[in-house]
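What follows is a set of notes on a single structure, which appears directly below.
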Amino acid sequence: MIEIQGVSKWYGSQQVLIDCSSKVEKGEVVVVCGPSGSGKSTLIKCVNGLEPFQKGNILVNGIPVGDPKTDLPKLRSHVGMVFQHFELFPHKTVIENLTVAQVKVLGRSAIEALQKGHALLERVELKDFSHKHPGELSGGQQQRVAIARALAMDPFCMLFDEPTSALDPEMIGEVLAVMQDLARDGMTMMVVTHEMGFAKNVAHRVIFMDQGRIVEDATKEEFFGTPRSERAQTFLSKILSH
Amino acid sequence: MGAFDFSVLRPSLTFVWTGLQFSAFLTLIAMSGGIVIGTLLAMARLSGGAFLSRAASAYVNLMRSIPLLMVILWFFLVIPILIGKPIGAERSAIITFTAFEAAYYSEIMRAGIQSVAKGQVMAGYALGMTYWQTMGIVVLPQAFRNMLPILLTQTIILFQDTSLVYAIGAKDLLKATEIAGKNYNRPMEMYVFAAIIYFAICFTLSTLVKRIQKKIAVVR
């Protein structure tokens, strides 16, 4: 589903991604973790072309993201993305947030889009919030709306960029529950997160990044059982001890 | 004050009304046209395309460095030469003000566009929106809302500046009152009358701006 082949990226003369390669199969949940500044957010933004990269290839459903001939808007409309800071459109109501791209990008009718929107709001347990503005919702609620907004496009895979990092601790659970639910339904997911509990429960594979490199790319069992690199071992001992 | 005779106001009211209508019309056209062109200029400046950005920037800087009165006179003289026939003071004024105000509105819209978080643009793109869709659906409505008080303030200034068209003989509010004043030989009364109208309109508008400002502050 997602193939990352030898991707390197530079900001000016500073290299932020160094020869990254990995794969996410259909229906697989892959967690990307690592210390801040390791390039994990940059890597996931490369997957749907929000960040350009200078070397290597990324194929999403066989479509080359880096190819200038690729219709990026069309590709992105099928790749859901959830951001750290939700990025709901503050001037639109919750239901408008869910329908606007369905109508303007996918060309669905308003009625079809509304049905889809309401069904998804019900799924994330926010059906009474459809006519509120995002500013009136808690962080956890906003992030659930953001997930529903991405799902409204019927994506063939979902990218999560630190979806719980900006949330108060008591709201993290409700967002993770929605994500867990999605994973159980067989959604292909690439998740940048520090939530090791989520990785242990839901992920199939874990990618560990450090200083722009993919240091470890292993099954969940291998990663949590016997991480090969010393860097991953120290990271794990630090993050699991608190 | 005893020498003032405001009885001249009554017979000149219709005439002044026509002048006021032109001033209002000029303001509205220059405002809408100026905001549309100004927004496009702002987008061009922020586009990252070297040529577009530089051309837009040059235009804005040029317009903002020349006194409005000069631009009015210059357009009035040059446009007929360019298109080969006279177009009249009124039409010349409309073109001039739209072109001139676009530069000022563009600076406001540029700040407005930059006030919208970059993540919003990413969210638009991530949903499959094109550049124009992201701008039209996500960025510009927020930029416009954030800048509404400043856009309106600029429009008040624009309304006052329309009085400068009297230099090319366009019949705006000021010119109309001046003509009426000369007709009845009561120029002082008529100038005072014009001042009162300008004041009433501008003061009402700036009160409105303050209210909007409060409302926007609450929404945020």
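Heads up: the sequence lines are chains A and B, in that order.
Going letter by letter, the first sequence gives residues 3 to 244 in this note's numbering.
Going letter by letter, the second sequence gives residues 77 to 296 in this note's numbering.
By construction, the Cβ of each residue, glycine as well, lies at the ideal position given by its N, Cα and C atoms.
As the structure is a computational prediction, the values presented were derived from the model and not from experiment.
If distances are taken between C-alpha atoms only, which option among the options comes closest to residue i?
i                   : options                                   : result
alanine 132/B       : Leu149/B, Leu144/B, Ile113/B and Tyr274/B : Ile113/B
leucine 149/B       : Phe173/B, Ala134/B, Phe127/B and Val136/B : Phe173/B
histidine 80/A      : Val180/A, Ala152/A, Cys48/A and Pro92/A   : Ala152/A
serine 184/A        : Gly29/A, Gln17/A, Val18/A and Lys11/A     : For the record, residue 184/A in the displayed sequence is leucine; it is not serine. Among Gly29/A, Gln17/A, Val18/A and Lys11/A, the Cα nearest to that of leucine 184/A is on Gly29/A.
leucine 147/B       : Ala256/B, Thr238/B and Ala276/B           : Correcting the residue type first, residue 147/B is valine in the shown sequence and not leucine. Cα-wise, what sits closest to valine 147/B is Thr238/B.
serine 99/B         : Ala219/B, Ala169/B and Val154/B           : Ala169/B
histidine 196/A     : Phe158/A, Leu19/A and Ser38/A             : Ser38/A
alanine 243/B       : Leu144/B, Leu227/B and Pro217/B           : Leu144/B
phenylalanine 152/B : Leu122/B, Ser88/B and Gly245/B            : Gly245/B
threonine 206/B     : Lys106/A, Ile149/A and Gly175/A           : Lys106/A
tryptophan 12/A     : Cys48/A, Ile4/A, Val34/A and Val26/A      : Cys48/A
leucine 138/B       : Phe176/B, Val285/B and Trp208/B           : Phe176/B
isoleucine 65/A     : Ala148/A, Glu124/A and Gln7/A             : Gln7/A
lysine 134/A        : Lys42/A, Asn63/A and His93/A              : His93/A
proline 157/A       : Asp219/A, Gln16/A, Gln56/A and Lys76/A    : Lys76/A
isoleucine 233/B    : Tyr180/B, Arg86/B, Leu216/B and Gly125/B  : Tyr180/B
leucine 19/A        : Val32/A, Glu27/A, Pro54/A and Ile4/A      : Pro54/A
asparagine 59/A     : Ser24/A, Val147/A and Gly36/A             : Ser24/A
phenylalanine 275/B : Ser83/B, Met223/B, Gly109/B and Gln236/B  : Gln236/B
leucine 96/B        : Met185/B, Thr253/B and Ala126/B           : Thr253/B
alanine 150/A       : Val193/A, Gly119/A and Phe131/A           : Gly119/A
leucine 85/B        : Phe279/B, Lys258/B, Lys291/B and Cys278/B : Lys258/B
methionine 191/A    : Glu138/A, Cys159/A, Leu116/A and Glu127/A : Cys159/A
serine 123/B        : Gln190/B, Ser88/B and Thr90/B             : Gln190/B
arginine 287/B      : Ser141/B, Pro156/B and Leu224/B           : Leu224/B
glutamine 196/B     : Glu89/A, Arg125/A and Val102/A            : Glu89/A
glycine 142/A       : Ser10/A, Gln86/A and Arg186/A             : Gln86/A
tyrosine 267/B      : Leu102/B, Leu117/B and Leu250/B           : Leu250/B
valine 215/B        : Met264/B, Ser141/B, Ala118/B and Lys161/B : Ala118/B
Which bits of chain A does residue i rub up against, with CB to CB less than 8 Å?
i               : result
glutamine 190/B : Residues of chain A passing the Cβ test: none, with the nearest at roughly 16 Å.
Indicate whether at least one CB of chain B lies closer than 9 Å to the CB of residue i.
i               : result
histidine 80/A  : yes
lysine 134/A    : no
isoleucine 97/A : no
lysine 277/A    : With chain A covering 3 to 244 only, the question about residue 277/A has no answer from this structure.
glutamate 205/A : The residue asked about is misnamed: residue 205/A is alanine in this sequence, not glutamate. Chain B, which has no Cβ nearer than 9 Å to the Cβ of alanine 205/A, makes this no.
arginine 151/A  : yes
methionine 3/A  : no
tryptophan 12/A : no
Please list the partners that residue i has in chain A, where partner means a Cβ-to-Cβ separation under 7 Å.
i            : result
valine 112/B : Ordered by position in chain A, no residue passes the 7 Å Cβ test against valine 112/B, which lies about 20 Å from the chain.
Under 9 Å between beta-carbons, which chain A residues line up against residue i? List them in chain order, please.
i                : result
glutamine 218/B  : Phe91, Pro92 and His93
isoleucine 213/B : Phe91, Lys94, Val102, Ala103 and Lys106
Note down, in chain order, every chain B residue with its Cβ under 9 Å from the Cβ of residue i.
i                  : result
phenylalanine 85/A : Gly195, Met198, Ala199 and Ala202
asparagine 50/A    : Tyr201 and Ala202
methionine 155/A   : Leu203 and Gly204
Would you verify that the beta carbon of residue i is, or is not, closer than 9 Å to some beta carbon of chain A?
i               : result
methionine 77/B : Residue confidence is low: methionine 77/B scores 48 on pLDDT, short of 50, so the model does not pin down where it sits. No coordinate-derived value is stated.
arginine 221/B  : yes
glutamine 230/B : no
leucine 96/B    : no
glutamine 209/B : yes
leucine 250/B   : no
What in chain B is Cβ-close to residue i, meaning under 8 Å?
i           : result
lysine 76/A : Gly204
Worksheet item: Any residues in the segment 196–207 of chain B with a beta carbon nearer than 7 Å to a beta carbon of chain A? Which ones, in chain order?
Response: Gln196, Met198, Ala199, Tyr201, Ala202, Leu203, Gly204, Met205 and Thr206
Worksheet entry | Ranges of the alpha helix (DSSP H) found wholly within the segment 178–265 of chain B, counting only runs of at least 4 | 194–202, 216–237 and 249–259
Practice prompt. Any chance you could list the alpha helix (DSSP H) runs of at least 4 consecutive residues sitting entirely within the segment 154–195 of chain A, in chain order?
Written response: 171–186, all fully within the segment 154–195 of chain A.
Practice prompt. Taking only runs that begin and end inside the segment 61–132 of chain A, name each unbroken alpha helix (DSSP H) of 4 or more residues, in chain order.
Written response: Those alpha helix (DSSP H) runs which fall completely within the segment 61–132 of chain A and span 4+ residues are 74–78, 96–106 and 112–125.
Worksheet entry | the segment 258–292 of chain B: positions lying closer than 9 Å to chain A by Cβ | none
Worksheet entry | alpha helix (DSSP H) runs contained entirely in the segment 115–176 of chain B, provided each spans 4 or more residues | 126–141 and 144–159, all fully within the segment 115–176 of chain B.
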